[in-house]
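To start, the structure itself, in structure tokens.
Number of protein chains: 2
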Amino acid sequence: MLSVTCIAPVNIAVIKYWGKRDEDLILPLNDSVSATLSTDHLCTKTTISTCQSFTENKIVLNGKEESFDNPRLLRCLIEIKKRAREANKCKPELLDWKVHVTTENNFPTAAGLASSASGYACLVYTLACLYGIENEQISSIARQGSGSACRSLYSGFVQWQKGDRPDGTDSVAVQLASHDFWPEMRIIILVVNDARKKTSSTGGMSTSVKTSKLLKYRAEKCVPEHTKNLIEALHKKDFETFGRITMQESNQFHAVCLDTYPPCVYMNDISFAVVNMVHQFNALKKEIRVAYTFDAGPNACLYLLEKDVQEVLGVVNQVFPNDKLGDPEYIKGIAVDYSALPKADEQFTASGNNLLKYIINTKVGEGPKRIN
Amino acid sequence: MLSVTCIAPVNIAVIKYWGKRDEDLILPLNDSVSATLSTDHLCTKTTISTCQSFTENKIVLNGKEESFDNPRLLRCLIEIKKRAREANKCKPELLDWKVHVTTENNFPTAAGLASSASGYACLVYTLACLYGIENEQISSIARQGSGSACRSLYSGFVQWQKGDRPDGTDSVAVQLASHDFWPEMRIIILVVNDARKKTSSTGGMSTSVKTSKLLKYRAEKCVPEHTKNLIEALHKKDFETFGRITMQESNQFHAVCLDTYPPCVYMNDISFAVVNMVHQFNALKKEIRVAYTFDAGPNACLYLLEKDVQEVLGVVNQVFPNDKLGDPEYIKGIAVDYSALPKADEQFTASGNNLLKYIINTKVGEGPKRIN
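Protein chains in written order, with our numbering: chain A, 15 to 386; chain B, 15 to 386.
Here you go:
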């Protein structure tokens with residue numbers, strides 16, 4: 015029996031992926047850019063074992079056995095084995111054995127944080143370790159599990175290039191900057207309370223492509239310009255431009271969701287209270303000090319620099335007062351001296367009590383790695 | 015002393031006006047289409063007196079004296095007097111006298127229903143009566159008070175044609191169908207509770223034009239197609255198409271608002287609960303029976319046919335239960351037998367208690383008229 019355990023990070027896009035040109039191969043309509051988050055605070059851990067005696071493939075997700083009969087999961091396994099046969103780095107009989115997959119997140123699934131990216135990245139990375147495949151070859155396989163998973167294969171800042179080839183071989187992730195390129199960068203995730211039923215992002219995306227007249231224009235005209243300018247800002251460590259484009263991208267992505275028929279609505283009143291708080295804070299500072307971005311859910315991810323973390327958390331605490339403030343489970347991640355949070359300007363009035371479930375204070379981090 | 019009193023209706027757009035190509039003349043980037051609502055339930059009433067002895071122009075809005083030193087108000091008065099001089103239908107000295115304007119709405123201003131359209135339509139119509147000007151000439155003057163006011167000058171369904179001339183003389187409203195063309199059409203306004211500060215539509219629109227990359231594409235490519243198809247559907251009394259385009263237009267308008275930087279957010283969680291309820295109802299009926307549209311605020315306007323009013327109100331009552339249901343002030347307008355509201359399908363679960371302030375049940379109506 016052979017057994018490999020790996021971890022893989024979550025990533026948060028600043029240039030958003032929304033819309034496939036090929037549903038089957040998961041080829042996107044536009045490039046996207048993300049930061050990989052530290053696995054210290056958010057990651058998926060996957061163990062894959064293979065043994066001649068296993069009679070069937072099995073997968074256990076967060077302690078619960080799930081069906082292996084999932085086309086995306088099967089495709090990842092088939093594609094990896096195909097590469098492994100070509101690479102010829104492992105014993106050929108290994109590829110005939112069944113696998114047992116155990117995978118879990120170190121963050122609550124209920125949080126509504128995208129776990130499919132870290133999940134598929136970890137699955138594909140672990141399989142690659144098991145069968146001795148080079149990491150450069152697995153990006154397009156992870157992509158076929160969940161589009162954004164390809165971005166979770168690299169540390170730092172990552173671009174998923176949409177590619178042009180119909181077979182998708184050039185639709186891969188590349189690293190733009192390593193995790194220590196901009197060491198001051200911090201990410202604070204505000205996990206909000208939400209009662210609404212979630213529209214799946216796969217379903218929403220597909221309906222958007224079919225019905226939104228603005229989506230195609232965004233993908234063709236707006237995203238290339240945003241991407242070019244954001245990468246330039248990243249290389250120059252120009253937070254003002256980086257932050258502005260991040261917010262514009264998030265808003266435009268949600269605009270396209272709203273232009274979908276029927277509309278996909280992922281942000282809620284609490285999300286918009288965060289948007290308002292961020293613009294108020296930046297207006298007060300007369301420059302962009304913090305930027306929000308929202309994925310297909312109501313949680314806010316704030317990008318900011320280390321120097322502003324305490325002050326921004328002071329504002330968050332004033333706008334979103336929470337009974338759990340002293341509780342170490344309320345602000346997770348990099349330690350924060352919550353007793354020293356500064357009082358914010360009086361223009362920041364409370365939106366309501368206990369509107370946030372918890373806060374994760376994290377930073378840009380490394381890619382997947384083998385831990386056994 | 016001469017004194018004229020007139021009333022003018024509110025209108026609710028189904029093809030949305032959002033974006034000016036000329037801020038000064040109030041020339042829009044695209045056509046818009048609206049229904050004029052019955053003045054029985056929603057209207058502005060304006061009395062204008064003029065007298066040789068008046069020493070200054072005065073305006074009293076809903077019982078409160080306001081400054082006459084408002085450029086839009088002054089422009090309407092100056093332009094009307096200019097036309098009156100050309101038309102030569104009144105005694106010339108009349109045009110030298112000052113005016114006293116008293117104007118009030120028969121609906122609460124706090125409701126967040128656009129009162130500037132009915133307000134400026136009524137002002138300009140009343141001035142036209144006072145000075146004996148033909149109604150055909152006043153659309154472009156009302157437009158200079160508040161863009162959508164030009165649509166409130168006609169009964170039934172009205173198109174504001176954007177026009178092409180730089181001086182705006184062809185940017186006028188025209189009637190598409192009279193108020194009795196589609197007599198079954200009903201409009202139900204759900205006035206929602208909202209704590210948020212309102213972004214003014216003038217300010218929001220101007221920021222959208224400057225910052226939204228999607229706005230120009232919408233105005234040039236999407237709206238002309240929506241307008242053409244909606245007018246066709248109106249003439250054929252094709253509710254399915256009329257309703258679908260109405261919802262798509264509303265969503266695309268709010269998408270452009272969200273694509274604005276900083277974003278303009280007018281809808282709230284209650285608005286989106288209405289959106290969801292409407293799509294659920296139409297899905298159940300396997301056809302579009304009711305369509306929502308939202309202006310620059312959280313209130314929903316539902317377009318539907320008379321035959322579906324009781325059933326839709328039953329659904330509204332189930333999704334938005336309200337302690338004031340028996341109160342005649344809760345469902346205003348056309349009388350509804352609230353004790354006979356049918357029970358809705360169990361899939362319609364309550365969003366929360368008392369989320370609506372009140373409901374106005376109304377229909378398409380006539381244009382402005384003189385009442386003294």
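Positions of the beta carbon are idealized from the N, C-alpha and C atoms, including for glycine. On a predicted model such as this, the values are computed, not experimentally measured, just so you know.
Measuring from the CB of residue i, is there a heavy atom of the ligand MG at a distance below 7 Å?
i	result
residue 271 (chain B)	In terms of ligand content, the structure shown is empty, and the ligand MG therefore cannot be addressed.
Determine the direct distance from the alpha carbon of residue j to that of residue i, and round the result to whole angstroms.
i	j	result
residue 326 (chain A)	residue 280 (chain B)	26 Å
residue 256 (chain B)	residue 170 (chain B)	15 Å
residue 306 (chain B)	residue 315 (chain B)	6 Å
residue 207 (chain A)	residue 352 (chain A)	21 Å
residue 357 (chain A)	residue 333 (chain A)	11 Å
residue 289 (chain A)	residue 195 (chain B)	45 Å
residue 131 (chain A)	residue 331 (chain A)	30 Å
residue 250 (chain B)	residue 260 (chain B)	15 Å
residue 298 (chain A)	residue 27 (chain A)	26 Å
residue 24 (chain B)	residue 187 (chain B)	14 Å
residue 144 (chain A)	residue 62 (chain A)	8 Å
residue 42 (chain A)	residue 382 (chain A)	23 Å
residue 81 (chain B)	residue 113 (chain B)	13 Å
residue 276 (chain B)	residue 294 (chain A)	10 Å
residue 322 (chain A)	residue 217 (chain B)	31 Å
residue 346 (chain B)	residue 385 (chain B)	23 Å
residue 344 (chain B)	residue 73 (chain A)	55 Å
residue 15 (chain A)	residue 53 (chain A)	28 Å
residue 201 (chain A)	residue 320 (chain A)	9 Å
residue 21 (chain A)	residue 340 (chain A)	30 Å
residue 108 (chain A)	residue 66 (chain A)	8 Å
residue 104 (chain B)	residue 175 (chain B)	30 Å
residue 283 (chain A)	residue 265 (chain A)	14 Å
residue 227 (chain A)	residue 227 (chain B)	13 Å
residue 154 (chain B)	residue 92 (chain B)	13 Å
For residue i, which of the options has the nearest alpha-carbon?
i	options	result
residue 336 (chain B)	B:150, B:323, B:366, B:48	B:366
residue 167 (chain B)	B:175, B:152, B:288	B:152
residue 127 (chain B)	B:15, B:17, B:204, B:198	B:204
residue 178 (chain A)	A:40, A:193, A:370, A:383	A:40
residue 160 (chain A)	A:55, A:134, A:181	A:134
residue 361 (chain B)	B:37, B:344, B:328, B:369	B:328
residue 38 (chain A)	A:300, A:88, A:149, A:323	A:88
residue 311 (chain B)	B:45, B:283, B:212, B:202	B:212
residue 79 (chain B)	B:101, B:118, B:103	B:118
residue 220 (chain B)	B:271, B:265, B:258	B:271
residue 198 (chain B)	B:375, B:17, B:157, B:19	B:375
residue 222 (chain B)	B:189, B:120, B:34	B:34
residue 236 (chain A)	A:29, A:370, A:120	A:29
residue 58 (chain A)	A:85, A:140, A:45	A:140
residue 287 (chain A)	B:291, B:287, B:278, B:292	B:278
residue 116 (chain B)	B:359, B:232, B:18	B:18
residue 192 (chain B)	B:157, B:149, B:248, B:148	B:248
At what residues does the beta strand (DSSP E) containing residue i begin and finish?
i	result
residue 48 (chain B)	46-50
residue 24 (chain B)	Taken as a continuous stretch (DSSP letters only), residue 24 (chain B) belongs to no beta strand (DSSP E), as it is neither H nor E.
residue 292 (chain A)	Where residue 292 (chain A) is concerned, there is no enclosing beta strand (DSSP E), although the alpha helix (DSSP H) it sits in stretches over 283-299.
residue 65 (chain B)	57-65
residue 352 (chain A)	From DSSP, residue 352 (chain A) is part of no beta strand (DSSP E); its letter is neither H nor E.
residue 113 (chain B)	112-119
residue 239 (chain A)	Premise fails: residue 239 (chain A) lies in the alpha helix (DSSP H), 237-250, not in any beta strand (DSSP E).
Go to residue i, then tell me how far its alpha helix (DSSP H) extends in each direction, as first and last residue.
i	result
residue 332 (chain A)	323-333
residue 345 (chain B)	Not the alpha helix (DSSP H): residue 345 (chain B) falls in the beta strand (DSSP E), residues 345-347.
residue 256 (chain B)	253-272
residue 35 (chain B)	Per DSSP, residue 35 (chain B) belongs to no alpha helix (DSSP H); it is in the beta strand (DSSP E), 34-36.
residue 231 (chain A)	227-231
residue 151 (chain A)	Per DSSP, residue 151 (chain A) belongs to no alpha helix (DSSP H) and is neither H nor E.
For my contact list, residue i and residue j are in at a C-beta cut-off of 8 Å; report their separation, rounded to the angstrom.
i	j	result
residue 308 (chain B)	residue 32 (chain B)	The Cβ separation is near 12 Å, so there is no contact.
residue 138 (chain A)	residue 94 (chain A)	6 Å
residue 313 (chain B)	residue 304 (chain B)	Residue 313 (chain B) to residue 304 (chain B), Cβ: 15 Å. No contact.
residue 60 (chain B)	residue 136 (chain B)	4 Å
Are the C-beta of residue i and some C-beta of chain E separated by less than 8 Å?
i	result
residue 88 (chain B)	In the displayed structure, chain E is absent; the protein chains listed are A and B.
> Using a beta-carbon distance cut-off of less than 7 Å, what residues from the stretch 274-296 of chain B approach chain A?
Replying inline: 275, 276, 277, 279, 282, 283, 286, 289, 293
> At a Cβ cut of 8 Å, what residues of the stretch 29-48 of chain A count as close to chain B, listed as they run along the chain?
Replying inline: none
> Using a beta-carbon distance cut-off of less than 9 Å, what residues from the stretch 215-237 of chain B approach chain A?
Replying inline: 225, 226, 227, 228, 231, 232, 235, 236
> Relative to chain A, which residues along the stretch 239-269 of chain B have a C-beta separation below 8 Å, given in chain order?
Replying inline: 258, 261, 262, 265, 266, 268, 269
> What residues from the stretch 315-328 of chain A come within 8 Å of chain B, judged by C-beta to C-beta, listed N to C?
Replying inline: none
> Which residues, in chain order, does the stretch 334-367 of chain A contribute to contact with chain B at a C-beta distance below 8 Å?
Replying inline: none
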